[in-house]
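Only one structure is covered here, and it is reproduced in the block below.
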């Protein structure tokens, strides 16, 4: 059995699940101590779970890759999942690397290596889908490295700069 | 290079193809000695080929699993493919096994083991999608085996009978 | 108005009803058997309930019980299943749950088609020659005598049936007994009832239906006629509204007759008054279909009326929101039924998983379907997969749009009737509108491929062959393929 | 009529034009850049040709050359790209290839919005206070002086632009210079031209456009107005026709004014006469959009007119097939633009592969899109993915249908504006119709989830988390996720 705290639109629920085999479609979970019957489309693969029914009714759902939101036909819900059995809380990332959040074309560079920058300060402008997007510093520090140059095409996740 | 004879709606073409790597999308083939430029959606996997363009224009296509037909938006074409490099012609199947062409429910048995049957004679009735389908003998012979019984559910490819 | 409606059906019709309910702000309850768990009607309803009792969708008692539990105020039966079961409708009425369709007594009155024709004849309407009664098993002698009396060719029809199920055309005496047996078996398989009756078959003829709607206050209006003469195996496959080649005078006479016959039976809710028209243009009343018909969207397209919305309103006791004068029929509509069957293999059913499923779109194109890419088309139900309806300002425009839209379907994983429909839509007799029920009995002409298409398909096939070989999924050369596919035959008509 | 038309565009608009051409029996030629090879417009055209020259879709010379080679008799430019390039239209005219849109001289006359407003003023029509001219780079002093003269808030607009690209609202003087620079840069990025002009911003206001069509014989009719006040980042996102809360008198005055202004310029082909309306109900002419607009389907829904078909007919020299009296506007239509952007992350563009893509359907729902499941949404183009248009007998019905249909979208693989649109459609001000351009500047209210929904989403999230862990694709707990996503910001308005 797994114990998971899930916060949906600001409200937190403690969910206990014993995940059945991949071919199961009907089982029971416990939410805040209450038993809830659940039917699912499929547990076989990460994209297979696109329909869930409980005693309240059915939901067709789209689950975010990063599990930051779920969409049902009623709308989008902000989600935060905390595994209560992973006791060692990992430290916050202090990664100063700035990655391309979207593939695109660098149109302007606003800082130089060695510049002191503040968190939130624009570093460069990345054009994608005919829109300009400002890429900002994730933290205070110095521009250690700048891989970007104006006119260069970058792909998703390319490290554009490093703030140290 | 492969040499393939393809008959489409009764007309036969000799096609010479050197299949490029999976990531190629533009190449040239030879049809009856004439060079034809070809663009494709993808060669990466058997279902990826769903769009082909030649010097005549583009075609969105659906290719039958057994390569017996191709459908473009202009309609359905009956296809027969013969590999000219497979020189040893395999013998005609003399398989007397009768398989379920569709999953369904057996509603009636029309013959008994030991019966002499003629090719085309109805052996049993299989119900699928609320329609009754007569399953016929593929050849002359004797009913050697009858796995079917009325009221039994069968899946695709189940051997229902054998004519020997 | 109802707050919650339970939809006692599956497939594209369940979804179509759910959409109108939701458009009206009504909460919907979907039902499903296990094999329909993944169907779209379950996904797009507000609530759902699995059917686990024997009979599934046809188990009226279980359906009513669920409706009570879920506190539904009304049940929409769709077509088929419980749509025309008078005893089920009666049980709904007793349970104080509104049945969205005609009342039990009316459905019972209309059940025996032979009696309905007799009543219409008495009131002065023409009907085709028909048997005096209906017949169950073991009444072959009576059937044979009646067939002789009314004259061949004879049409055997299921008393309960719809969608051509159970119907058989018999041209000569020696084929009658076999056909009756098959008809009774099929009727039993599909509807659980073996009763059949006989009609003298007018050949060639045209099959016309007039859509009517009546409210509980006694108002009855019509929404024009539909033509359903293009049939495969006695099932309509292409329909259109209005019917081509009728004069305005003929049309109005048809509409008036339909409304008069509906009044004769005090018709309520949506229904279709059906006629057969001979070559001389004379039309004969055959039956009233006391239900929403599959092909109703073609009428919606030319009338602008949401027929399901009107059904719900009328069932809730509201008077019709319109008079006959408000109905302005506009333009032309064509409807095609796409089924998971292989037209090149005697319409062998083709259940399976949809590996591609892209639908046509654009202005004035509507597709109703319960399927989606990745879903399984179950083996247990009727093969109807989708309905495509188009509208055009005139017939020529509608025909061209239907041809264009049909060509846009991209479906893989199951065989479908799309290629057949393409050929029907391209056929010169269809394009001209000059067709009868004889249409399906001859070779289709259609747009044959030209040389360059054929050459390019040869190229595509060669590449596909090599790609499959490379992927380790070689194609068995056709000459050594086992012949079992060709050994399955749909029972002959 | 033309036998072959080349469509010099991509995306949903190319497909929409292809469909009408094919519905008219016209052969279509699609163009595509390499990254659009898999797009639906390439798949559904009769012929296609790759663009390999620099500039791609915007390279008029290459496009014209291909049109000649492929023997197209006409070019439809869609919107954007070559739609409003007078010199391209001139080249078409010189090459004897019909341009499906207004003639070169008219487009040139309408290019300078400031001059157009001046001409309208001279003829007695009201316009908002605006700069005397348009300005390129290095004219900041003149711009500042003009801004002071017409008064803040000031709207900076691209001379070439459409779709809000390049537009910036400036409330106070100190923000002007920055905004001008951004506007000029964006205008250059999208349209290749830095020229901007200023308009005094009426706030709050409503943005109205009247669809007009003129033929070469000098007939001009209108198809009613559209309301486009709901905007995000100066781009319209929800539009409707007709505009809510106009009296019949206001409406008729608006239509008359629009047709008079169109006549003033001898308008030809399809276009939109745009107005801004203040709180007092006074309206001011701002510009004529000499092209087919993205939102034209909403007008098609209420008028029953296929605007692209009329464009093609008029361009072929045919007179309009209808008079103003033939146009009967019917019911209500709502259009929503669905983009591949993340509304919860400052509309960060979201290109990628569509792993799920199921569209809404049912009566009176139309979705125009170039995408399909499995295709890649390219990074090179505008993020517009689909347009959803619904029709209802009245506004209430249209709103409910829009809510229902929007909830049916199932898209995975990219982020989209669907959840934002759902909240807009649920917002009480939208539902009542009492909104202005201020709508987007406040929190959306929408239907918040209820407790049982939240609980069930928690269950779904927990199961999804465990399934992913088991599949070996664990989800990084959100508290340790790198923050870079939040560090990208769309440039501020």
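Residue numbers (the numbering used here), protein chains in the order written: chain A, 1 to 164; chain B, 1001 to 1164; chain C, 2001 to 2493; chain D, 3001 to 3493. Just so you know, even glycine gets a beta-carbon here, dropped at the ideal spot from N, CA and C.
Residue 3102 of chain D is positioned such that its CB atom lies closer than 8 Å to that of residue 3267 of chain D. Spatial neighbours of residue 2067 of chain C in its own chain (CB-CB distance under 6 Å, excluding positions within 5 residues in sequence) are listed in chain order as 2006, 2075 and 2097. For residue 2065 of chain C, the nearest beta carbon of chain A is not closer than 8 Å to its own beta carbon. Excluding its 5 nearest sequence neighbours in each direction, residue 1078 of chain B has C-beta neighbours in its own chain below 6 Å: 1009 and 1069, listed in chain order.
The region 3019–3026 of chain D makes no contact with the region 3325–3334 of chain D: fewer than 3 CB pairs, one atom from each, lie closer than 8 Å. In this structure, the beta-carbon distance from residue 2043 of chain C to residue 58 of chain A falls below 8 Å. In the structure shown, residue 3135 of chain D adopts extended strand secondary structure according to DSSP, grouped into three states.
If you draw a 10 Å sphere on the C-beta of residue 3406 of chain D, you find 16 or more other C-beta atoms in it, and that means buried. Pairing residue 3140 of chain D with residue 3147 of chain D, the inter-Cα distance amounts to about 10 Å.
Looking at the backbone, the Cα of residue 3439 of chain D and that of residue 2437 of chain C are separated by about 58 Å.
If you ignore the 5 residues before and after residue 1032 of chain B, its C-beta comes within less than 7 Å of the C-beta of 1013 and 1014, all in its own chain and listed in chain order. As the crow flies, the alpha-carbon of residue 2221 of chain C is around 9 Å from that of residue 2211 of chain C.
Using a CB distance below 7 Å, the part of the region 2452–2464 of chain C facing chain B consists of 2452, 2453, 2454, 2455, 2456, 2457, 2458, 2459, 2460, 2461, 2462, 2463 and 2464, ordered along the chain. The three-state reading of DSSP puts residue 2428 of chain C in helix, counting H, G and I together. Between the region 104–122 of chain A and the region 141–153 of chain A, the count of C-beta pairs closer than 8 Å reaches three or more; the two stretches touch. Approximately 5 Å separates the beta-carbon atoms of residue 2290 of chain C and residue 2107 of chain C; this is inside 8 Å, confirming the contact. In the DSSP assignment, residue 1058 of chain B falls within the beta strand (DSSP E) that extends over 1057–1060. Pairing residue 3060 of chain D with residue 3077 of chain D, the inter-Cα distance amounts to about 10 Å. Residue 2411 of chain C has its alpha-carbon roughly 42 Å from the corresponding atom of residue 2114 of chain C. At a cut-off of 8 Å between beta-carbon atoms, residue 2170 of chain C makes no contact with chain B. Nearest to residue 2156 of chain C by alpha-carbon distance, out of C/2164, C/2149, C/2145 and C/2168, is C/2168.
For residue 3048 of chain D, no alpha helix (DSSP H) encloses it; the enclosing beta strand (DSSP E) starts and ends at 3047–3050.
Around the beta carbon of residue 2184 of chain C, 16 or more other beta carbons lie within 10 angstroms, which makes this residue buried.
Counting of Cβ neighbours within 10 angstroms places residue 2452 of chain C among the exposed residues, the total staying below 16. The alpha-carbon of residue 2402 of chain C is positioned some 7 Å away from that of residue 2425 of chain C.
Taking the Cβ atoms as the reference, residue 1048 of chain B lies roughly 13 Å from residue 1039 of chain B, outside the contact range of under 8 Å.
Annotated three-state conformation of residue 3378 of chain D is coil, per DSSP. For residue 3135 of chain D, none of the residues of chain C pass the 7 Å Cβ criterion, the least Cβ distance being about 41 Å. Residue 2434 of chain C sits in coil when the DSSP states are folded into three classes, being neither helix nor strand. Within 8 Å of the CB of residue 3379 of chain D, the CB atoms of chain A belong to 102, 103, 104, 128 and 129, in sequence order along the chain. Nearest neighbour of residue 65 of chain A by Cα position, chosen from A/84, A/56, A/50 and A/54, turns out to be A/50. For the region 16–45 of chain A, the set of positions with a beta-carbon nearer than 8 Å to some beta-carbon of chain C reads 25, 39 and 41 in chain order. Under the Cβ criterion of 8 Å, residue 2045 of chain C is counted among the residues facing chain A. C-alpha of residue 3409 of chain D to C-alpha of residue 3237 of chain D: approximately 16 Å in a straight line.
Here residue 2297 of chain C is buried: its Cβ has 16 or more other Cβ atoms, across all protein chains shown, within 10 Å. Membership of residue 2262 of chain C in the alpha helix (DSSP H) is indicated by the continuous run 2248–2264.
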